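Engineer: Under my numbering, the letters of the sequence shown match residues 2 to 435, in that order. All C-beta atoms, glycine included, are put in the ideal place defined by N, C-alpha and C. Treat the numbers as computed from the prediction; the structure is a model and nothing was measured. Pasting a structure here, questions to come.
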Amino acid sequence: QLYALAERQQLAAIPVTDKPDGDSTINAAYLQALLLGCCKPNQLRQADLAAIYRGLREWSTLLEVSDEKVGESLFLVNLDSDHPPLYSSLYREPPGPRTRYIDTGPLIERLEQLAATNEKQGVVFDRDTVVSHSLLKQLINSLGKMSMRNFSRKRSSKTLWITVGFSACHYHLGDERDFEQLLHGDEYLPSAADRLPDNPFLTDSAGRDQWQKANPEQDFEHTELGAGESELAHHIQVDEKTRAILQGEEDADQPDREYPVHRAAIFDASPGGYCLEWTSDLPANIKTGDIACVREDEAAHWAIAVVRWLSHQENHRSLVGLELISPDAEPYGARMQSKRGEETEPLRALLLPEIKLVGQPPTLILPRTGFRERQKITLYRAGEEFFVQLVRQTAVTGSFVQFEFRLIKQLGDVLAEDKTRPRDSGFDSLWTSI
Numbered sequence: 002q003l004y005a006l007a008e009r010q011q012l013a014a015i016p017v018t019d020k021p022d023g024d025s026t027i028n029a030a031y032l033q034a035l036l037l038g039c040c041k042p043n044q045l046r047q048a049d050l051a052a053i054y055r056g057l058r059e060w061s062t063l064l065e066v067s068d069e070k071v072g073e074s075l076f077l078v079n080l081d082s083d084h085p086p087l088y089s090s091l092y093r094e095p096p097g098p099r100t101r102y103i104d105t106g107p108l109i110e111r112l113e114q115l116a117a118t119n120e121k122q123g124v125v126f127d128r129d130t131v132v133s134h135s136l137l138k139q140l141i142n143s144l145g146k147m148s149m150r151n152f153s154r155k156r157s158s159k160t161l162w163i164t165v166g167f168s169a170c171h172y173h174l175g176d177e178r179d180f181e182q183l184l185h186g187d188e189y190l191p192s193a194a195d196r197l198p199d200n201p202f203l204t205d206s207a208g209r210d211q212w213q214k215a216n217p218e219q220d221f222e223h224t225e226l227g228a229g230e231s232e233l234a235h236h237i238q239v240d241e242k243t244r245a246i247l248q249g250e251e252d253a254d255q256p257d258r259e260y261p262v263h264r265a266a267i268f269d270a271s272p273g274g275y276c277l278e279w280t281s282d283l284p285a286n287i288k289t290g291d292i293a294c295v296r297e298d299e300a301a302h303w304a305i306a307v308v309r310w311l312s313h314q315e316n317h318r319s320l321v322g323l324e325l326i327s328p329d330a331e332p333y334g335a336r337m338q339s340k341r342g343e344e345t346e347p348l349r350a351l352l353l354p355e356i357k358l359v360g361q362p363p364t365l366i367l368p369r370t371g372f373r374e375r376q377k378i379t380l381y382r383a384g385e386e387f388f389v390q391l392v393r394q395t396a397v398t399g400s401f402v403q404f405e406f407r408l409i410k411q412l413g414d415v416l417a418e419d420k421t422r423p424r425d426s427g428f429d430s431l432w433t434s435i
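Shown next as structure tokens:
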């Protein structure tokens, strides 16, 4: 209504001095809000939304709100409605006097120029406000063409088991083994120094002989100053996991706390994914772009999905959109190799099998921490090790990056089914209907 009033009074195109942001117009400010609604905000993280809104402050000056269709005019908005712009080709009613068109063509040309010249760092406004190259591509797709669903959805009354996050998925795909056990074997126990509680008063100083950590009973030193507290000082501090192992106990609840599995109702489903209905509060760590493991049967193995969008409804009800990307994955550790031949600390990695139906070769899912195309890395776990080169980046989100790769050393039958664990041949998931 405010824009309609300004338009009627012929004020929409007059520059207005705005001290924080510089000169602007009512038309540009209105388009900044409208275009943000066209960018599929429920598929974006808060930091990405802030960066896009900052960019639209400048980019909205390239466009106009027109009462006539100009060019393709992908979007249409009704000034009497509180709804965001719609695709003009899907508008069911005849355009009325309060209907306005938005042709995003000039903006798409500008975004494509920015994507071509800022492929590595994206568009940087300040240290905390960056429109990455992948986000630019997402903007071009959202504002440049109409997106349609690939599959029809069907309502469902089933329940889905879901765990969210790289660490949680890695743990459950690895038969509920933590990262160190997956890399070194089930009997692996960290060194005593690594198991000390995170307390600087309990750790040795940097200059202390490292061999003394191996035999604390023999290496304990008495001094006159600390003689009165020798019994207290000689008490060995251990973490809860070590104490449980020494006493033959098991903390059965610890994995449930660190890597929880949630149950959610399936609102609707398609061969490409699920829409989940969350009637309680969403897990605090769930965000768009997160990787997730899902299964319809508690006894079945996990499929791999991505959280594509979140929608918060009334009465603590939320909808979560999941896209299935693979029916299975194998967990590994990944080490990057520097130019000097040195290897970094291992990071979690997931090896996705080939999907012949859609022509997808085997791929790797890795954290967004320094991995890039043509980089050589080592993949390993207990009893296995091989070397690969990352060839082409196929996907990137706020949580992970996906690469096609080639083998530098023979992989063998790693992608074949793991015979050491039972698999449910009757896996009743949506993958069987593709």
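1) In chain order, what residues of the same chain lie with their CB nearer than 8 Å to the CB of Ala265, ignoring the 5 residues before and after it?
2) Thinking C-beta only, is Pro16 closer than 8 Å to Asp22?
3) Are Gly273 and Asn79 touching if we call contact CB-CB under 8 Å?
4) Compare the Cα-Cα distances from Thr364 to each of Glu346, Gln338, Val392, Glu343 and report the closest residue.
5) Using CA coordinates, which residue listed in Asn43, Ala51, Leu63, Lys41 is at the minimum distance from Thr26?
6) What span of residues does the beta strand (DSSP E) with Pro332 cover, start to end?
7) Can you tell me where the beta strand (DSSP E) holding Arg154 begins and where it ends?
8) Taking Pro85 and Gly123 to be in contact with their CB atoms under 8 Å, please state how far apart those CB atoms are, rounded to whole angstroms.
9) Under the DSSP definition of a beta bridge, which residues are partnered with His185?
10) Do you know whose CA, among Ser89, Arg55, Leu57, Gly56, lies nearest Ser67's CA?
11) Counting Cβ pairs closer than 8 Å, one from the stretch 177–184 and one from the stretch 354–363, do we hit at least three?
12) Measure the beta-carbon distance from Leu367 to Phe388 and round it to whole angstroms, keeping in mind my assumption that it falls under 8 Å.
13) Does the structure place the stretch 282–301 close enough to the stretch 38–55 that three or more beta carbon pairs sit under 8 Å?
14) Identify which residue in Leu323, His263, Gln376 has its Cα closest to the Cα of Tyr275.
15) Start and end of the beta strand (DSSP E) containing Thr1?
16) If I follow the unbroken beta strand (DSSP E) through Ile163, where does it start and stop?
17) Would the beta-carbon of Glu386 fall within 8 Å of that of Thr395?
18) Can you list the beta strand (DSSP E) stretches of 3 or more residues lying completely in the stretch 286–365, in chain order?
19) Would you mind stating whether Ser271 and Lys155 have Cβ atoms separated by less than 8 Å?
20) Please say whether Ala383 and Leu184 have beta carbons closer to each other than 8 Å?
21) What does the alpha-carbon distance come out to for the pair Glu315 and Asp187?
22) Is there contact between the stretch 99–119 and the stretch 128–139, where contact requires at least three CB pairs shorter than 8 Å?
23) In angstroms, rounded to a whole number, what distance separates the CA positions of Asn28 and Ala14?
Structural biologist: This is what the structure gives:
1) Answer for Ala265: Thr160, Leu161, Ile163, Leu277, Glu278, Trp279, Val321, listed in chain order.
2) No, the pair does not count as a contact, with Cβ atoms beyond the cut-off.
3) Remark: C-beta atoms of Gly273 and Asn79 do not approach each other more closely than 8 Å.
4) When only C-alpha atoms are compared, the closest one is Val392.
5) For the options Asn43, Ala51, Leu63, Lys41, the alpha carbon positioned closest to that of Thr26 is the one of Leu63.
6) Counting along the chain, the beta strand (DSSP E) containing Pro332 begins and ends at 331–337.
7) Element bounds for Arg154: n/a, residue is neither H nor E.
8) Taking a contact as a CB-CB distance under 8 Å, the pair Pro85 and Gly123 does not count as one, their CB atoms being some 25 Å apart.
9) Looking at the DSSP assignment, His185 forms no beta bridge with any residue, so it has no partner.
10) Nearest of Ser89, Arg55, Leu57, Gly56 to Ser67, Cα basis: Ser89.
11) No, because fewer than three Cβ pairs between the stretch 177–184 and the stretch 354–363 fall closer than 8 Å, the two stretches do not touch.
12) Between Phe388 and Leu367 the Cβ distance is about 15 Å, and since that is not below 8 Å, they are no contact.
13) Output reads yes: the stretch 282–301 touches the stretch 38–55.
14) Looking at the Cα atoms, Leu323 is the closest of the given residues.
15) Outside the displayed range of the chain (2 to 435) lies residue 1, so it cannot be described from this structure.
16) First-last of the beta strand (DSSP E) with Ile163: 160–165.
17) Against a cut-off of 8 Å, the Cβ pair of Thr395 and Glu386 comes out as no contact.
18) Complete beta strand (DSSP E) runs here, min 3: 292–296, 304–313, 319–327, 331–337, 348–353.
19) Inclusion of Ser271 and Lys155 in the CB contact set at 8 Å is warranted, their separation being smaller than that value.
20) Against a cut-off of 8 Å, the Cβ pair of Ala383 and Leu184 comes out as a contact.
21) When rounded, the distance between both Cα atoms is 46 Å.
22) Between the stretch 99–119 and the stretch 128–139, the count of C-beta pairs closer than 8 Å reaches three or more; the two stretches touch.
23) Cα atoms of Asn28 and Ala14: separation of roughly 6 Å, rounded to the nearest angstrom.
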